[in-house]
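Participant: Order-wise, the sequence lines are chains A and B.
Sequential numbering from 66 applies to the first sequence in this note's numbering.
Sequential numbering from 5 applies to the second sequence in this note's numbering.
Idealized CB from N, CA, C, for every residue including glycine.
Next up is a structure, given as structure tokens.
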Amino acid sequence: MLKIENLHAEITGDSGAKEILKGLSLEVNAGEIHAIMGPNGAGKSTLAYVLGGRPGYEVTQGTVTFNGKDLLDMEPHERAALGMFLGFQYPVEIPGVSNVQFLREALNSQRRARGEELLSGGEFLKLAKQKAGLLKLDMEMLKRNVNVGFSGGEKKRNEMVQMGILDPAFAVLDETDSGLDIDALKVVGEGINAIMRKGDKAVLLITHYQRLLDYVEPDFVHILSAGQIVKTGGADLAKQLEAEGYDEVMAA
Amino acid sequence: MSQQNPTLKDEEWRYADAKALAALSPDTFEAWRDIDVAPGETHRECFVLHAAEPSLTRIRAKVGEGARLELFAVNLGGDYTRMEVITRLETGAHFEFGGVTIGGGDAVREFVTRTTHDEPEATSNQVVRAVHWGEATGNFLGAINVGRGGQRTDAAQDFKALVLEKGAAANAKPELEIFADDVKCAHGAAIGQMDEMARYYMASRGIAPDLAKKLLVRAFIADALAALEDEREAERLLDTALAVLDDAEAMIA
Chain A
66 MLKIENLHAE ITGDSGAKEI LKGLSLEVNA GEIHAIMGPN GAGKSTLAYV
116 LGGRPGYEVT QGTVTFNGKD LLDMEPHERA ALGMFLGFQY PVEIPGVSNV
166 QFLREALNSQ RRARGEELLS GGEFLKLAKQ KAGLLKLDME MLKRNVNVGF
216 SGGEKKRNEM VQMGILDPAF AVLDETDSGL DIDALKVVGE GINAIMRKGD
266 KAVLLITHYQ RLLDYVEPDF VHILSAGQIV KTGGADLAKQ LEAEGYDEVM
316 AA
Chain B
5 MSQQNPTLKD EEWRYADAKA LAALSPDTFE AWRDIDVAPG ETHRECFVLH
55 AAEPSLTRIR AKVGEGARLE LFAVNLGGDY TRMEVITRLE TGAHFEFGGV
105 TIGGGDAVRE FVTRTTHDEP EATSNQVVRA VHWGEATGNF LGAINVGRGG
155 QRTDAAQDFK ALVLEKGAAA NAKPELEIFA DDVKCAHGAA IGQMDEMARY
205 YMASRGIAPD LAKKLLVRAF IADALAALED EREAERLLDT ALAVLDDAEA
255 MIA
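Encoded structure:
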């Protein structure tokens, strides 16, 4: 489904361009959940943003194909229409635009791009109510402006409600678990399972901690370090990391 | 008759279009319209300023005891377009002003208000939003004068500008003159660019850049019309303003 080959990417900042990803390769098939763990600065968020096409993140080498199409050749909104979803580590606030309006525009933009019929206001609200219920997010919050005045945990749950409504084929979730308390973590974990654990979908879960993986059991765990995948294993690799730390596991 | 047209040296005209001022007929400057709101009454009026030629709209208002004056305006003139509102508030009166300047080209579009609180307990609230591109300029010059008799005045003024392209500009000139001691006067002015992170966030959910821009601009200018109770009229004004943005997109595309 997603195939990353020898990916090199850099960020351009005030001090010039800096290479963050240094030859990353990874293949995710339909029906699989992959977790990417790694120390701070390894390039985890950069990988998420490169896949999401964020301006300022430049690919200098390598390829990424998504269902056989050249992902890097597409604009961010085109990637979304193809079924790519990026869960933000820091969801953005948009004053003056309600969640309901935002998501209906988003869903209908995607449907229009795919040549599907658009949802009416009533149909959309029904869908939104159902997905908000799944993530235990008060429907009233969806009527408020996008992420404005939301707590950290509410923002993350809102990301998952959005994922539920947009129903993507592939989700890249960038530290969706950070900022969540234990109960919210469980709700979000169950939400990810309900929405994405299907034979025709796949997830790339970027996380610092093993805890989320108790709820969303990964098929593969990769350790990202200095811009490359240095080790790959099963769900037990995450448990080993939690117990021993990155240095020890990577040295072994 | 020999009176000269104002120039940029006059404080209230400092950000105007000098050429347009010189070219306008002197009579134009004398064309004041008077609005007199009787005590206890409400007068609400909406304006769409869209002249292709330089134009002035000059209003002198007197708002009687306990009365309300509510003016809302979208300024999208094709050339120098200025709307000026001079308001005198009597005891307990209210003045509500919502203004939007929007457009490209090289036109100067401006709102100039002078609100006088010489009697007690009057309130005023002004919200102006400017959205410009090309080499256009949007201005808001707002003076609030609270005289000795203007105790318990509550006056607020808020200006925000969105400059979509390098070359466009916005000017804010708040001017508060207060001679009473029990008074609330708030003013704010901010000039910025489109929130690119918000645009990217929208794109990541499937919203194309031009639609994202439109949604963000709509949200931005809606503040100026939030106090307009007639929702249909508010929608009409919003749509009129946003149509200018659509036309600009069509020209670029």
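Grab me the residues of residue 203 (chain A)'s own chain with a C-beta within less than 8 Å of its C-beta, minus the 5 sequence neighbours each way, in chain order.
Facilitator: Cβ neighbours of residue 203 (chain A) beyond the five flanking positions: 197.
Participant: Using a C-beta to C-beta distance shorter than 9 Å, which residues of chain B count as neighbours of residue 159 (chain A)?
Facilitator: The answer, in chain order, is 199, 202, 205, 206, 219, 220 and 223.
Participant: For chain B, is any of its Cβ atoms less than 7 Å away from the one on residue 115 (chain A)?
Facilitator: No - not a single Cβ of chain B is within 7 Å of the one on residue 115 (chain A).
Participant: What first and last residue would you give for the alpha helix (DSSP H) that runs through residue 189 (chain A)?
Facilitator: Segment 186-199, the alpha helix (DSSP H) holding residue 189 (chain A).
Participant: With a cut-off of 7 Å, does the C-beta of residue 212 (chain B) fall near any C-beta of chain A?
Facilitator: True, the Cβ-Cβ gap to chain A drops below 7 Å.
Participant: Strictly by DSSP, which residues pair up with residue 296 (chain A)?
Facilitator: The partner list for residue 296 (chain A) (beta bridge, DSSP) reads A:288.
Participant: Is the beta carbon of residue 173 (chain B) less than 7 Å from the beta carbon of residue 163 (chain B)?
Facilitator: It is not a contact, given that the beta carbons lie outside the stated cut-off.
Participant: Shorter than 7 Å from the beta carbon of residue 209 (chain B) to some beta carbon of chain A?
Facilitator: At least one chain A Cβ lies under 7 Å of residue 209 (chain B).
Participant: Please return the same chain residues whose Cβ sits closer than 7 Å to the Cβ of residue 281 (chain A), not counting the five positions on each side in sequence.
Facilitator: These residues qualify, in order along the chain: 98, 254, 257, 258 and 270.
Participant: So, is residue 239 (chain A) buried or exposed, given that buried needs 16 or more other C-beta atoms within 10 angstroms?
Facilitator: So residue 239 (chain A) counts as buried.
Participant: Can the beta-carbon of residue 64 (chain B) be found less than 7 Å from the beta-carbon of residue 90 (chain B)?
Facilitator: Yes, these two residues count as a Cβ contact at 7 Å.
Participant: Would you call the CB atoms of residue 92 (chain A) and residue 68 (chain A) closer than 7 Å?
Facilitator: Yes; because the gap between Cβ atoms is below 7 Å, this pair is in contact.
Participant: Can you tell me which of the three DSSP states residue 266 (chain A) falls into?
Facilitator: Residue 266 (chain A) falls in the coil class under three-state DSSP.
Participant: Using a cut-off of 8 Å between C-beta atoms, extract the partners of residue 134 (chain B) located in chain A.
Facilitator: Residues of chain A passing the Cβ test: none, with the nearest at roughly 16 Å.
Participant: When you compare the CB of residue 142 (chain A) with every CB in chain B, is at least one pair closer than 7 Å?
Facilitator: It does; some Cβ of chain B falls within 7 Å.
Participant: Could you give the uninterrupted runs of the beta strand (DSSP E) lying entirely in the segment 183-250 of chain B, keeping only those of 3 residues or more?
Facilitator: Here the runs fully enclosed are 187-196.
Participant: Compute the beta-carbon to beta-carbon distance between residue 144 (chain B) and residue 114 (chain B), rounded to the nearest angstrom, for a pair I have assumed lies under 8 Å.
Facilitator: Going by Cβ atoms, the distance from residue 144 (chain B) to residue 114 (chain B) rounds to 7 Å, so yes, they are a contact pair.
Participant: Quickly, what does DSSP pair residue 152 (chain B) with across the bridge? List them, please.
Facilitator: DSSP output for residue 152 (chain B) lists no bridge partner at all.
Participant: Residue 79 (chain A) by DSSP, collapsed to three states: which one?
Facilitator: Reduced to three states, the DSSP call for residue 79 (chain A) is coil.
Participant: Once you ignore the five residues that flank residue 140 (chain B) on each side, which residues in its own chain have a CB closer than 8 Å to its CB?
Facilitator: Correct list, in chain order: 107, 108, 109, 110, 111, 112, 113, 172 and 173.
Participant: If you compare alpha carbons, which of A:73, A:300 and A:224 is closest to residue 128 (chain A)?
Facilitator: For the residues A:73, A:300 and A:224, the minimum Cα distance to residue 128 (chain A) belongs to A:73.
Participant: I'd like to confirm the pairing. Which residues does DSSP put opposite residue 153 (chain A) in its beta bridges?
Facilitator: In the DSSP output, where bridge partners are listed per residue, residue 153 (chain A) has none listed.
Participant: I want to verify the contact list: residues of chain B whose CB lies under 7 Å from the CB of residue 119 (chain A), in sequence order.
Facilitator: Within chain B, the residues near residue 119 (chain A) are 204.
Participant: In chain B, which residues lie with their C-beta within 7 Å of the C-beta of residue 278 (chain A)?
Facilitator: What residue 278 (chain A) touches in chain B: nothing, since even the nearest Cβ is about 24 Å away.
Participant: Could you check where the beta strand (DSSP E) with residue 87 (chain B) kicks off and where it finishes?
Facilitator: Its beta strand (DSSP E) spans residues 85-93.
Participant: Whether or not the segment 221-239 of chain A and the segment 168-179 of chain A are in contact is what I'm after, with contact meaning three or more pairs of Cβ atoms, one per stretch, closer than 8 Å; do they touch?
Facilitator: Short answer: they touch.
Participant: When we look at the beta-carbon of residue 36 (chain B) and count the other beta-carbons within 10 Å, is it buried (16 or more) or exposed?
Facilitator: Result: exposed.
Participant: For residue 167 (chain B), which of B:193, B:197 and B:157 has the nearest alpha-carbon?
Facilitator: Taking only the C-alpha atoms, the option nearest residue 167 (chain B) is B:197.
Participant: Looking only at its own chain, which residues have a Cβ that is under 7 Å from the Cβ of residue 137 (chain B), when we skip the five neighbours before and after it?
Facilitator: 108, 168, 169, 172 and 252.
Participant: Taking DSSP as the reference, what is the three-state secondary structure of residue 5 (chain B)?
Facilitator: Low local confidence applies: a pLDDT of 44 at residue 5 (chain B) is under 50, so the model's placement there is unreliable, with the coordinate-based value given in what follows. If DSSP states are grouped into helix, strand and coil, residue 5 (chain B) belongs with coil.
Participant: Below 8 Å on the Cβ atoms is my guess for residue 122 (chain B) versus residue 151 (chain B); work out the distance and round it to an integer in Å.
Facilitator: Correct: roughly 4 Å between the Cβ atoms.
Participant: Can you tell me where the alpha helix (DSSP H) with residue 311 (chain A) in it begins and where it stops?
Facilitator: Note, residue 311 (chain A): alpha helix (DSSP H), 311-316.
Participant: Quick check on the DSSP output: the alpha helix (DSSP H) that includes residue 161 (chain A) runs from which residue to which?
Facilitator: Careful: residue 161 (chain A) lies outside any alpha helix (DSSP H), inside the beta strand (DSSP E) at 159-163.
Participant: Quick test of your reading: residue 117 (chain B) and residue 93 (chain B), contact by CB under 8 Å. State the CB separation rounded to the nearest angstrom.
Facilitator: Contact flag wrong, Cβ pair sits at about 12 Å.
Participant: List the residues of chain A whose Cβ lies closer than 7 Å to the Cβ of residue 215 (chain B), in chain order.
Facilitator: Per Cβ cutoff of 7 Å: 170 and 174.
Participant: Leaving out five residues on either side along the sequence, give the residues of the same chain with a beta carbon under 8 Å from the beta carbon of residue 5 (chain B).
Facilitator: Confidence in residue 5 (chain B) is poor, its pLDDT being 44 and thus under 50, which makes the residue's placement unreliable; the coordinate value appears in the next sentence. Correct list, in chain order: 30.
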